[in-house]
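Protein chains in written order, with this note's numbering: chain A, 17 to 309; chain B, 3 to 329; chain C, 2 to 339.
Scroll down for the structure; my scribbles are underneath it.
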Amino acid sequence: MKIDRESPRMRELLLTLYVIRKSKIAVASLVILAFFFAIAVLSPWISPFDPTETHTSELFQPPNSKYLLGTDHLGRDNLSRILCGARYSMLASLLVVFVTVIVGMPIGAVSGYLGGKVDEALMRITDIILSFPGITLALLLAYILGRGIYSAALALSLVGWTSMARIVRGVVLSEKGKDYVLAAKIIGKSNFQILFNEIMPNCIYPVIIQAVMMMGTVIISLAGLSFIGVGVQPPEPDWGVIISEGRQYILEYPWLSILPGLLMITVVLAYNMVGDRLRDALDPRLRGELAAA
Amino acid sequence: MNSTLLSVEDLHVEFRTYLGTVHAVNGAYLTVNAGECVGLVGETGCGKSTLGFSIVRLLDEAARIVEGKIIFKGEPILEKKDEELREIRRKDISLIFQDPTAALNPVYTIGDQIVEALILSREMTKSDAVEEAAGILASLGIPDPRKVMLQYPHELSGGMRQRVMIAVALSKKPSLLIADEPTSNLDVTVQAQILELLSDLRKNTNMSVLLITHDMGVVAQVCDKVGVMYAGQVIEFGTVREIFKNPLHPYTRGLLKVANLVGEKSRLEPISGAIPDLKDLPEGCLFYSRCPKLTPLCQEKRPTMLEARQDHYVACWNLDGDDRSMR
Amino acid sequence: MKLSYYIMRRIFFGFLVIFGVLTLTFLITKVIPQDPVAVWLGIEGMRDPNLVKQVTEQWKLDRPIWEQYFYYVGNVLRGELGRSSWSRGPVIEDLAARFPATVELSIFAFLIAMCVAIPTGILSAVYRDKPVDHASRIISVVGISGPPFWWGIIFLYIFYFQLGFAGSGRISESMTPPMQVTGFYLIDSLLEGRLDTFVDSLKHIFLPALTLGVGATGFTSRLTRSAMLEVLRKDYIKTARMKGLRERVIIYRHALRNALIAPITYMGLLFGGMLGGSVLVETVFTWRGMGQYIVTAIFAADYPALLATTLVIAIIYSVSNLLVDLLYTVIDPRVRVG
Chain A
17 MKIDRESPRM RELLLTLYVI RKSKIAVASL VILAFFFAIA VLSPWISPFD PTETHTSELF
77 QPPNSKYLLG TDHLGRDNLS RILCGARYSM LASLLVVFVT VIVGMPIGAV SGYLGGKVDE
137 ALMRITDIIL SFPGITLALL LAYILGRGIY SAALALSLVG WTSMARIVRG VVLSEKGKDY
197 VLAAKIIGKS NFQILFNEIM PNCIYPVIIQ AVMMMGTVII SLAGLSFIGV GVQPPEPDWG
257 VIISEGRQYI LEYPWLSILP GLLMITVVLA YNMVGDRLRD ALDPRLRGEL AAA
Chain B
3 MNSTLLSVED LHVEFRTYLG TVHAVNGAYL TVNAGECVGL VGETGCGKST LGFSIVRLLD
63 EAARIVEGKI IFKGEPILEK KDEELREIRR KDISLIFQDP TAALNPVYTI GDQIVEALIL
123 SREMTKSDAV EEAAGILASL GIPDPRKVML QYPHELSGGM RQRVMIAVAL SKKPSLLIAD
183 EPTSNLDVTV QAQILELLSD LRKNTNMSVL LITHDMGVVA QVCDKVGVMY AGQVIEFGTV
243 REIFKNPLHP YTRGLLKVAN LVGEKSRLEP ISGAIPDLKD LPEGCLFYSR CPKLTPLCQE
303 KRPTMLEARQ DHYVACWNLD GDDRSMR
Chain C
2 MKLSYYIMRR IFFGFLVIFG VLTLTFLITK VIPQDPVAVW LGIEGMRDPN LVKQVTEQWK
62 LDRPIWEQYF YYVGNVLRGE LGRSSWSRGP VIEDLAARFP ATVELSIFAF LIAMCVAIPT
122 GILSAVYRDK PVDHASRIIS VVGISGPPFW WGIIFLYIFY FQLGFAGSGR ISESMTPPMQ
182 VTGFYLIDSL LEGRLDTFVD SLKHIFLPAL TLGVGATGFT SRLTRSAMLE VLRKDYIKTA
242 RMKGLRERVI IYRHALRNAL IAPITYMGLL FGGMLGGSVL VETVFTWRGM GQYIVTAIFA
302 ADYPALLATT LVIAIIYSVS NLLVDLLYTV IDPRVRVG
């Protein structure tokens, strides 16, 4: 793939990066996300203790030099649990969004491009899946698939591809009628080529924005599934599990439940901020002002 | 003797944007007398719409009027308080927009929108207003006004929407109508109809019109006087006949040549060069980079409007001796 | 396309989707790893082949899949939603008791969310970049970034444990619930004329509703704000200004109706979010609704209950979406003409 500095696509990319760089909030958010990803990846090595290891003589310790964040009701090190919990939140959500894109993009593109009965059928299926509000269907599926992080991730993917498909379908529908597509057809390019080379590149930005925004939702959903008990299973440390376990002791030791939530807010907030800035960067009005530069 | 209805003096308007301050209007002068139709002509982006909106202070948040005077019926508009400004808008000045679809509220019927204007401006009762609205629509050539009044904007054709927008504007019987590119969105036949409509209106009332357009042909057809704008500055102002006969500013001459309205009709001669960056204006004449006649003075100091011939004002340092005439 | 035709078409497709939901649920029942007969009879019961045969035939499990499907649909339409393998009672009875609790909570949460979000969104737009705007945007964005169940715990901690304000459940333990008419405590207590029950129920529904609505409130507030800003830029607002209208009239009469189109589009989705979120929030607040029922069904491995409840929630959601779509035609005249 040639990287053409002057091509419109390249300029768009550079423009977008410029806008991001200009926004302090977006930069800060990206730093925060990088930080959490680093924790997630490195957690097995940087955790001082095994997160599932209980120290029965040291229950409910306040933060001290041995246990930097104290211990929980089973004497497990809170810091280690939080660090390893980040792993589930950050990486599993990445997996879910990735699968969503892989599955949703082609389906949406084909549906939009072919139209007719295929489109109708696929959209009805989407409607049916989306008729189960919130995590209801994901809950059901996760339970049936056998509980655990992979079941939860799979369940969320099975539900989540629909929104990605819808977005891509929308883009394809609006691009389908444009002149450059007609030109490609006249030249004799096959449908597949047209779809892949001409139309898909236009989908990349909306998909990226959707993916970023989705990350936040997925993190919250995964934690919710774990909270109920169909996601990560105790004694494994997931933020949702930690919050759930901490509920019983909320009066005496509120920080067990409070801390993971605060961390989750930070991460999701970071994703939302980046997503917002990305969306602004693609807003034609703002871009017009910037492109004049 | 015609009384001066509107007078704009040395107006400067700026916009704050992401990338710096855009100087949209840089020294605009014009006058509109009662019953006159004054054209404001220039290429896209020269600031004529901004000037038009400034007169009624309808600019976006990011805009600031930094200098100048706008006098309407002897009163300074820029110093008016909100309530007084609203009163003027309600009763005396109207504005019609380039895109009639965008100018009408999509969730209310035509009737509702015109009646609202009538009740506000002429303090009619609702039933009287409904009657009057039907009458106005009929006079603008709309068939079956009662039916149209029950419809929504999206149900009408482009030409009809244009007339409805004009109906709303005229309902208050304004002294001044500002028309922002009223014909740019229409095809030629509809354009002709609207221009004829405007001409008729002027014959029957004493309404003045400020017609903002990029089309010299339209100006030639309906206007009494014309102001030519370049890069936010009014560089020439006078009667249509005079300007078309004796264009003094190089830009005006170029414009008329390009429009094929004056001079040899053999070749299309575009004006070389491009408009300056409105964020970074030169100190001297704004037309400097494209002007055939240049002097050092042009680069140093920006020319101001001077009366070169009778009632003919130009902003240029380089008028030849025979361009001037005795006052 | 005339309005009535549009409505018919929309209702038709609505029913089509509901049938699709039924079909999907049915397919899921066929995919469950556990043998429903085994779940029902238990280890002991499975030892008796006659019993096994009896139950299998009774549930038509030996028939081809098409027959099973029709049997299933017929049952659902008659309200026969199976029997809970845990309580042994008909699921429909359990649901009938819990259905009002969830719906009451969801509707209340929805109302709170809209009543808070839309005015704040408008204020944010009108007083753009002033402190009001910044404050509401920060609150909105933090609200949607936190998991709802966590907010619930926080609210409980602050309001109940620290301040002694109403705790879990729909009503204080010391009080008796109002006489059942609709199943909505708020309405029933008023019907009965018991103000103390009403106030108590109100106090109890407030926190869970707030929790359930946090996400929707933040979302709607931001949406309303951007829609309003968008509308205020339009030419028809300039036309309105040129009529000499006061700013307030312009906002409420001309801008608002156009700006509200965007939030209304999302209303169905948001209400659905409440129904879905009830699973988590009801658990936190020990609210005896369908959400909590799902969670207990999960832990009791009560598949019939789980599936039936999910189905019912999906149907409620589909119907509410249909209603919102129909409402949409009233608001935006452009929709009526195809």
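Virtual Cβ for every residue (Gly too), placed ideally from N, Cα, C.
Quiz item: Hey, which unbroken runs of the alpha helix (DSSP H) at 4 residues or more fall wholly within the segment 129 to 177 of chain B?
Solution: The qualifying runs are 147 to 151, 160 to 172.
Exercise. Starting from residue 255(C), find everything on chain B with Cβ-Cβ shorter than 7 Å and list it in chain order.
Key: Scanning chain B for C-beta atoms nearer than 7 Å to the C-beta of residue 255(C) yields 107, reported in chain order.
Exercise. Just grab the DSSP bridge partners of residue 84(C) for me.
Key: Looking at the DSSP assignment, residue 84(C) forms a beta bridge with 91(C).
Quiz item: Can you pull the DSSP bridge partners for residue 315(B)?
Solution: For residue 315(B), which the question treats as bridged, DSSP gives the partners 239(B), 309(B).
Quiz item: How long is the line joining the alpha carbons of residue 201(A) and residue 189(A), rounded to whole angstroms?
Solution: If I take the Cα positions, the gap works out to 16 Å.
Practice problem: Compute the beta-carbon to beta-carbon distance between residue 333(C) and residue 262(C), rounded to the nearest angstrom, for a pair I have assumed lies under 8 Å. | Solution: The Cβ separation is near 5 Å, so the contact holds.
Quiz item: Excluding sequence positions up to five away, which residues of its chain have a Cβ less than 7 Å from the Cβ of residue 225(C)?
Solution: Within the same chain, residue 225(C) has close Cβ partners 118, 119, 122, 123, 260, 264.
Exercise. In the DSSP assignment, find the alpha helix (DSSP H) that holds residue 103(A) and state where it starts and stops.
Key: DSSP places residue 103(A) in the uninterrupted alpha helix (DSSP H) bounded by 94 to 103.
Exercise. Could you please give the first and the last residue of the uninterrupted beta strand (DSSP E) stretch that includes residue 73(B)?
Key: That run of the beta strand (DSSP E) goes 65 to 74.
Quiz item: So which residues on chain A does residue 140(C) lean against when the C-beta distance must stay under 9 Å?
Solution: Within chain A, no residue comes near residue 140(C); the closest Cβ sits about 12 Å away, beyond 9 Å.
Practice problem: Verify the CB distance criterion: does residue 242(A) have a CB-CB separation below 8 Å to chain C? | Solution: Closer than 8 Å: no.
Quiz item: What did DSSP end up calling residue 112(A) once you bin it into helix, strand or coil?
Solution: In the three-state DSSP reduction, residue 112(A) falls in the helix class (H, G or I).
Quiz prompt | Contact residues within the segment 150 to 172 of chain C, judged by C-beta distance below 9 Å to chain A | solution = Per Cβ criterion, the list reads 150, 151, 152, 154, 155, 157, 158, 162.
Self-check item: Rounded straight-line distance, which links the Cα of residue 187(B) to that of residue 173(A)
Solution: C-alpha separation (whole angstroms): 48 Å.
Quiz prompt | Residue of 183(B), 6(B), 5(B), 61(B) minimising C-alpha distance to residue 102(B) | solution = Comparing C-alpha distances from residue 102(B) to each of 183(B), 6(B), 5(B), 61(B) shows the shortest one belongs to 183(B).
Practice problem: Excluding the 5 residues preceding and the 5 following residue 13(C) in the sequence, name in chain order all residues of the same chain whose CB lies nearer than 7 Å to its CB. | Solution: Here the set comprises nothing.
Quiz item: If you draw a straight line from the C-alpha of residue 26(C) to the C-alpha of residue 319(C), how long is it?
Solution: Answer to the nearest angstrom: the Cα atoms are 14 Å apart.
Quiz item: With a Cβ-Cβ cutoff of 8 Å, do residue 46(A) and residue 290(A) count as a contact?
Solution: With contacts defined by Cβ atoms closer than 8 Å, residue 46(A) and residue 290(A) form a contacting pair.
Practice problem: To the nearest angstrom, report how far apart residue 73(C) and residue 124(A) are at their CA atoms. | Solution: Roughly 32 Å separates the two Cα atoms.
Quiz item: Which residues bound the alpha helix (DSSP H) around residue 162(C)?
Solution: Per DSSP, residue 162(C) belongs to no alpha helix (DSSP H) and is neither H nor E.
Quiz item: Mind checking if residue 9(A) is an interface residue toward chain C, Cβ cutoff 8 Å exclusive?
Solution: Summary: the structure shown does not reach residue 9(A), with chain A confined to residues 17 through 309, and so no result is reported for it.
Practice problem: State yes or no: is the C-beta of residue 217(B) nearer than 7 Å to some heavy atom of the ligand ZN? | Solution: Questions concerning the ligand ZN fall outside what the structure shown contains, since it holds no ligand whatsoever.
Self-check item: Inter-stretch contact (C-beta, 8 Å, three-pair minimum) for the segment 152 to 165 of chain B and the segment 105 to 118 of chain B
Solution: Touching, yes, given that three or more Cβ pairs across the two stretches are closer than 8 Å.
Self-check item: Nearest-angstrom Cβ-Cβ length linking residue 275(A) and residue 168(A), presumed shorter than 8 Å
Solution: The C-beta distance from residue 275(A) to residue 168(A) rounds to 22 Å, too long to meet the 8 Å contact threshold.
Quiz item: Using a C-beta to C-beta distance shorter than 8 Å, which residues of chain B count as neighbours of residue 236(C)?
Solution: At a C-beta separation below 8 Å, residue 236(C) has these neighbours in chain B: 99, 101, 104, 105.
Self-check item: residue 242(C): contacting residues in chain B (beta-carbon distance under 7 Å)
Solution: The contacting residues are 60, 91.
Self-check item: Local Cβ density within 10 Å of residue 135(C), reported as buried at 16 or more and exposed below that
Solution: Taking a 10 Å sphere around the C-beta of residue 135(C), we find fewer than 16 other C-beta atoms and assign the residue as exposed.
Practice problem: Identify whether residue 215(C) lies in helix, strand or coil by the three-state DSSP scheme. | Solution: In the structure shown, the three-state DSSP call for residue 215(C) is helix.
Exercise. Could you name the residues of the same chain whose beta carbon sits closer than 7 Å to that of residue 118(A), not counting the 5 residues immediately before and after it, in chain order?
Key: There are no such residues.
Quiz item: Would residue 131(B) count as contacting chain C if we go by Cβ distances under 8 Å?
Solution: So, not an interface residue.
Quiz item: Beta-carbon of residue 263(C) versus every beta-carbon of chain A: anything under 8 Å?
Solution: Answer no: the Cβ-Cβ gap between residue 263(C) and chain A never drops below 8 Å.
Quiz item: Does DSSP put residue 17(B) in a helix, a strand or coil?
Solution: Residue 17(B) falls in the strand class under three-state DSSP.
Practice problem: Give the straight-line distance between the Cα atoms of residue 244(A) and residue 77(C), rounded to the nearest whole angstrom. | Solution: Rounded to whole angstroms, the gap between the alpha carbons of residue 244(A) and residue 77(C) is 27 Å.
Quiz item: Quick one: is residue 148(A) buried, meaning 16 or more other Cβ sit within 10 Å of its Cβ, or exposed?
Solution: With 16 or more other Cβ atoms inside 10 Å of its own Cβ, residue 148(A) counts as buried.
Quiz item: Distance, Cα to Cα, residue 222(A) vs residue 84(C)?
Solution: The straight-line gap from Cα to Cα measures roughly 46 Å.
Quiz item: CB-CB under 7 Å to residue 153(B), same chain, minus the five flanking residues each way: which ones, in chain order?
Solution: 111, 112, listed in sequence order.
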